[in-house]
Amino acid sequence: FAVPNTALLATALSHDGRRLAARDREGGLHVWELATGRLVRQAPADGTRGTLRPAGRLVFSTDGRWLYDGWLEIAGRVWDLSVDPPTAAMLAEQCGDDRHAAFSPDGRRLAVGDLGGVLRVFDVATGRRLAAFVAHPGRVRGLAFTPDGRGVWSCSDAQLRLFDIAPDVGARTKRVPEERFHAIDVTSDGRWIAAGGGLGQLHAIDFATCAVTSRPLGPGTIVSCVALSPDGRRTAVGTYSNTVLLWEGQPPEGAPRALPHPHRVSYAMFSPDGTQLVTGCDDGVVRLWNAADGTVLREFSADGQRVPQVVFDPAGRRLAAAVRSGALLVWSAATGARETWTPPSHSPLRAVRFTPDGRWLLAGGAERVVDIWDAQRGAPVARLKGHNQEIYCLDVSADGTLVASGDSGGVIRLWHATRQCALAALEGHEAGVMAVHFAPDGRSLVSASNDGTVRIWDLTAQRRHIAGNVAAQLERLGADALDGARAAAWRRWAAEVWAAEMTAAVDGAPPALGPGADVAP
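Mapping of the sequence shown onto this note's numbering: position 502 corresponds to residue 1485, and the numbering continues sequentially without gaps.
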C-alpha cells in the first residue's frame, strides 16, 4: 500500500481485520480493503495546516464506522467512514501530547488520555466534551472501556485504574413539566422528598418510586424554600409572596398557618427538636418562630443585608446566616449575641451548613469555593476548590464524612470533609443546582435544579470514580499530610473496590463510600 509524494506516519487495522487506515504527513486519510488492496475511502489534506507535528495515533471503533485521528497538529478528530468521502468531527477540546484513545463498545463515546495524565471523554458524533479529569499523576499509557460502556480502565506507570465516566451514573430523574425547582428537603425516615419552585406547588415525591403528588399553593405563588421538621410533625414552605406557610403533618394536612414577612422569604429551617422555625428574609432580618403557634420568639438583625440562608447548629443553640456582603453571622438563639466572621475575599455568600457534630461551619457562594470554619473559634480551617461557577447550595451527610455542593452551572461536587479533598463530580443537570440534600442513610443524594428535574443519585454507584480520585489524592498529599492508619485504610478500600470490579464479585448490599470509622475525625 503506497501513497505517492508523501509519507505515511500513522496506521490502524480495523477490529475485523478487513481494513487498513493510514494518515499521511499532511493530514490526508487513506483507507484500503486488505483482501483486494482497493482504496475504499480517501480524504485529502486540506492544505491549511502545517506539518511540524506529524505524529499521533489512529484508532478504529469496534464496528469500523468511526476512526479516531490523534494528529498532534489539531485537537483531534473522528472520521465517519460510513460515507464517501469521509466526514470529520473535530474534538471540542485540545488534548495533550502522546494521546491514547479508545471507543466505547457502542461507538458513541471516545476516551482520550494524554501525557499529562488527563482523561477526556467525547461524544463521537459531535466532538463535544462530556467529561474530563486527572486520571494519573503521569502520562496515560493505555485505555479500554468496560463492556457496559460506563467505565474506562486507564493505565500509567505501575498503575491500573477504573473510572465511571457516565455523568449520570446511578441517577434517577424526575421531571415536572414547566417547573423550575428552587428547593427540596427529605423526610427524616427517607421515604419522600418535598420540592417546590416556580409553579407555586408543593410536590411530594416518593423516594422509592419517584411518583409525584402536587399541591397548589395559590395563584402567583413562587416557592423559595421548603423545610420538614426532623420529628416528622410539620412542613414549612417559604414564598416570594412574603409568607411562610406552616402545616401540621408530613405530607401536610389541612389548611396552613401563614407566617407574614415584610419581604420575600429566602430560607427556612426547623430546629433539631422541631419546636422552632428560623426564617431568612430580604429585609435583612432573621426571625425565630414558635412552630406550634406561629408566634415570633426573637428577631436577629443582619444589618439590612439579604439573608440567602440561615441554619441551626446541631444542638439548636446557635444560628448561622450567609449574607450577600460575604460575612457569616452567628447568633446565640437564646440571647441574640452575635459574632461576625469575615472571609478574606468579601465575596457574596449564598449557602451555609453546620456539620452534624457542630465542629465545623461550611459556607459557599460567588467565590466558587467551599470555606470550612472552626465553628467554635470562628477561624478558617480549609478551602475546597474545584467549582467553575457560583455555589448555590451545600449539604453534609449525617455521619459528617461527605460534603455536597451544587453550582449555577449544574455541577454537583462531592468532597471528603475530614480529608478536605475532592471525591467526584456529578453532572447531568442542564441548569443551576438550587438545592442538595443527603438521604438519612448517606447512600443517596437528592438535588433540585432550575431545569425542572429532581435527581436521586446513588452514591454507591460512584465508588469506582471516587476510588480513583482517592488514590490520586493520596499520592499528591504525601506521607506527612495524613496519618498512616487513615491513608492505609483508604488505600485498602480503593484496592478492594477495584478488585471487586475486576472479579464481578460485588453482591448483596452496596459497598460503602469509604472505610468509615477508619477516617473519622
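By construction, the Cβ of each residue, glycine as well, lies at the ideal position given by its N, Cα and C atoms.
These numbers come from a predicted model, not from an experiment.
key: For Ala1418, the nearest candidate out of Asp1029, Tyr1375, Ala1026, Asp1441 (CA to CA)   = What you label residue 1418 is simply residue 435 of the sequence shown in a count that begins at 1. Nearest option by C-alpha distance: Tyr1375.
Q | Collapsed DSSP secondary structure at Leu1442 in the structure displayed | A | Working through the sequence shown from its first residue, we reach residue 1442 at position 459. Three-state DSSP puts Leu1442 in a helix.
> Taking the C-alpha atoms as reference points, what is the distance between Gly1435 and Ala1154?
Replying inline: For the purposes of this step, residue 1435 is taken as the residue at position 452 of the sequence shown. For the purposes of this step, residue 1154 is taken as the residue at position 171 of the sequence shown. Distance between the alpha carbons of Gly1435 and Ala1154 is about 15 Å.
- Query: Are Pro1331 and Gly1347 close, meaning C-beta to C-beta below 7 Å?
  - Reply: Your numbering for residue 1331 matches position 348 in the sequence shown. Your numbering for residue 1347 matches position 364 in the sequence shown. No, they are not a contact pair.
Return the residue from the list Ile1439, Gly1059, His1399, Ala1178 that minimises the CA-CA distance to Asp1097.
Counted from its first residue, the sequence shown places residue 1097 at position 114. Asp1097 has its Cα closest to that of Gly1059, out of Ile1439, Gly1059, His1399, Ala1178.
- Item | Trp1062 vs Ala1075 beta-carbon contact at 7 Å | Taking the first residue of the sequence shown as position 1, residue 1062 is located at position 79. Taking the first residue of the sequence shown as position 1, residue 1075 is located at position 92. No, Cβ-Cβ distance for Trp1062 and Ala1075 is not below 7 Å.
Take Ala1328 and list the residues in its own chain whose beta-carbon comes closer than 8 Å to its own, dropping the five residues that flank it on each side.
On the sequence shown, position 345 is the one that residue 1328 refers to. According to the sequence displayed, residue 1328 carries Ser and not Ala. Here the set comprises Gly1309, Glu1350.
DSSP state of Gln1025 mapped onto helix, strand, coil: Sequence index remark: in the sequence shown, residue 1025 carries index 42 (1-based). DSSP places Gln1025 in strand when its eight states are reduced to three.
- What separation, rounded to the nearest whole angstrom, lies between the Cα atoms of Cys1404 and Gln1025? Counting from one through the sequence shown, the residue named residue 1404 turns up at place 421. Counting from one through the sequence shown, the residue named residue 1025 turns up at place 42. Spanning the two alpha carbons is a distance of roughly 49 Å.
Rounded to whole angstroms, what is the Cα-Cα separation between Ala1118 and Leu1345? The residue given as residue 1118 occupies position 135 in the sequence shown. The residue given as residue 1345 occupies position 362 in the sequence shown. Roughly 28 Å between the two C-alpha positions.
Specify the secondary structure class of Asn988 as computed by DSSP and reduced to three states.
-> Your numbering for residue 988 matches position 5 in the sequence shown. Residue state, collapsed to three classes: coil.
| request: Could you tell me whether the stretch 993–1013 touches the stretch 1037–1055, where touching means 3 or more Cβ pairs closer than 8 Å? | output: yes
Check: Buried or exposed: Gly1383, going by 16 or more other Cβ atoms within 10 Å of its Cβ?
Finding: In the sequence shown, residue 1383 corresponds to position 400, counting from 1. Classification for Gly1383: buried.
With distances taken between CB atoms, is the gap from Ala1422 to Gly1257 smaller than 7 Å? As a position in the sequence shown, residue 1422 is number 439, starting the count at 1. As a position in the sequence shown, residue 1257 is number 274, starting the count at 1. Not a contact, by the Cβ cut-off of 7 Å.
Per-residue DSSP class, three states only, for Ala1381
Looking up residue 1381 in the sequence shown gives position 398. If DSSP states are grouped into helix, strand and coil, Ala1381 belongs with coil.
Would Ala1085 and Arg1103 be called neighbours here (beta carbons separated by less than 7 Å)? Start at 1 with the first residue of the sequence shown, and residue 1085 comes out as number 102. Start at 1 with the first residue of the sequence shown, and residue 1103 comes out as number 120. It is not a contact, given that the beta carbons lie outside the stated cut-off.
Extract the residue ranges of the beta strand (DSSP E) inside the stretch 1354–1432, only unbroken runs of 3 or more that lie entirely within it.
1362–1368, 1374–1379, 1385–1390, 1395–1399, 1404–1409, 1416–1421, 1427–1432
Identified DSSP bridge partners for Asn1273: As a position in the sequence shown, residue 1273 is number 290, starting the count at 1. Answer is Gln1259, bridged to Asn1273.
- Which whole-angstrom value describes the C-beta separation of Gly1415 and Ser1391, a residue pair presumed to lie in contact below a C-beta threshold of 8 Å? Here residue 1415 is taken as the residue at index 432 of the sequence shown, counted from 1. Here residue 1391 is taken as the residue at index 408 of the sequence shown, counted from 1. That pair is a contact at about 4 Å.
Please tell me whether Ala1274 and Cys1208 are closer than 7 Å, where the distance is taken between their beta carbons. Counted from its first residue, the sequence shown places residue 1274 at position 291. Counted from its first residue, the sequence shown places residue 1208 at position 225. Not closer than 7 Å, so no.
* Buried or exposed: which applies to Val1227, given that a residue is buried once 16 or more other Cβ atoms fall within 10 Å of its Cβ? -> Here residue 1227 refers to the residue found at position 244 when the sequence shown is read from its first residue. It counts as buried.
For Ser1139 versus Val1123, is the C-beta distance shorter than 7 Å?
Position 156 of the sequence shown, counted from the first residue, corresponds to residue 1139. Position 140 of the sequence shown, counted from the first residue, corresponds to residue 1123. Cβ atoms of Ser1139 and Val1123: closer than 7 Å.
- Quick one, which of Thr1196, Gln1259, Gly1221 has its alpha-carbon nearest Pro1234's? Here residue 1234 refers to the residue found at position 251 of the sequence shown. Checking every option, the nearest Cα to that of Pro1234 belongs to Thr1196.
**Asked** At least one CB of chain B closer than 7 Å to the CB of Pro1234: is that the case?
**Response** Reference to chain B is not applicable here, since this structure consists of a single protein chain.
**Asked** How big is the Cα-Cα spacing for Asp1147 and Thr1443?
**Response** By one-based count along the sequence shown, residue 1147 stands at place 164. By one-based count along the sequence shown, residue 1443 stands at place 460. Each residue's Cα considered, the two are about 11 Å apart.
Cut-off 7 Å between Cβ atoms - residues of its own chain near Lys1157, not counting five sequence neighbours on either side = The sequence position of residue 1157 within the sequence shown is 174, counting from 1. Ile1188, Cys1193, Val1195, Thr1436, Val1437, listed in sequence order.
* **Residues near Ala1127 in its chain [Cβ-Cβ closer than 6 Å; skip 5 each side]** => For this step, residue 1127 is matched to residue 144 along the sequence shown. Ala1085, Trp1136.
Problem set entry | Residues near Ser1171 in its chain [Cβ-Cβ closer than 7 Å; skip 5 each side] | Locating residue 1171 in the sequence shown gives position 188, where the first residue counts as 1. The residues are Pro1213, Gly1215, Pro1423.
* Could you check which residue in Phe1337, Leu992, Asp1378 has the C-alpha nearest to that of Asp1168? => Indexing the sequence shown from 1 puts residue 1168 at position 185. Checking every option, the nearest Cα to that of Asp1168 belongs to Asp1378.
- Which whole-angstrom value is the C-beta distance of Phe1217 and Trp1230, which I expect to be below 8 Å? Counting from 1 along the sequence shown, the entry for residue 1217 is found at position 234. Counting from 1 along the sequence shown, the entry for residue 1230 is found at position 247. Here residue 1217 turns out to be Arg, not Phe, going by the sequence shown. About 7 Å separates the two Cβ atoms, so the contact holds.
Could you compute how far the alpha carbon of Ile1439 sits from the alpha carbon of Val1429? What you label residue 1439 is simply residue 456 of the sequence shown in a count that begins at 1. What you label residue 1429 is simply residue 446 of the sequence shown in a count that begins at 1. Going from the Cα of Ile1439 to the Cα of Val1429 covers about 5 Å.
Skipping 5 residues on each side, what residues in its chain have a beta carbon closer than 6 Å to that of Leu991? Along the sequence shown, read from residue 1 onward, the residue named residue 991 stands at position 8. Here the set comprises Ala1005, Asp1007.
Express the C-alpha separation of Thr1019 and Arg1001 in angstroms, rounding to a whole number. As a first step, residue 1001 is located in the sequence shown; it is residue number 18 there, counting from the start. As a first step, residue 1019 is located in the sequence shown; it is residue number 36 there, counting from the start. Approximately 10 Å, taken between the alpha carbons.
Pro1068 versus Gly1039 - alpha carbon distance: Looking up residue 1068 in the sequence shown gives position 85. Looking up residue 1039 in the sequence shown gives position 56. Each residue's Cα considered, the two are about 22 Å apart.
Requested in this report: Mark Glu1322 as exposed unless 16 or more other C-beta atoms lie within 10 angstroms of its C-beta, in which case mark it buried.
Outcome: Locating residue 1322 in the sequence shown gives position 339, counting from the first residue. Burial call: exposed.
Query - Met1073 versus Pro1088: straight-line alpha-carbon distance, rounded - result: On the sequence shown, position 90 is the one that residue 1073 refers to. On the sequence shown, position 105 is the one that residue 1088 refers to. Their Cα atoms are separated by approximately 21 Å.
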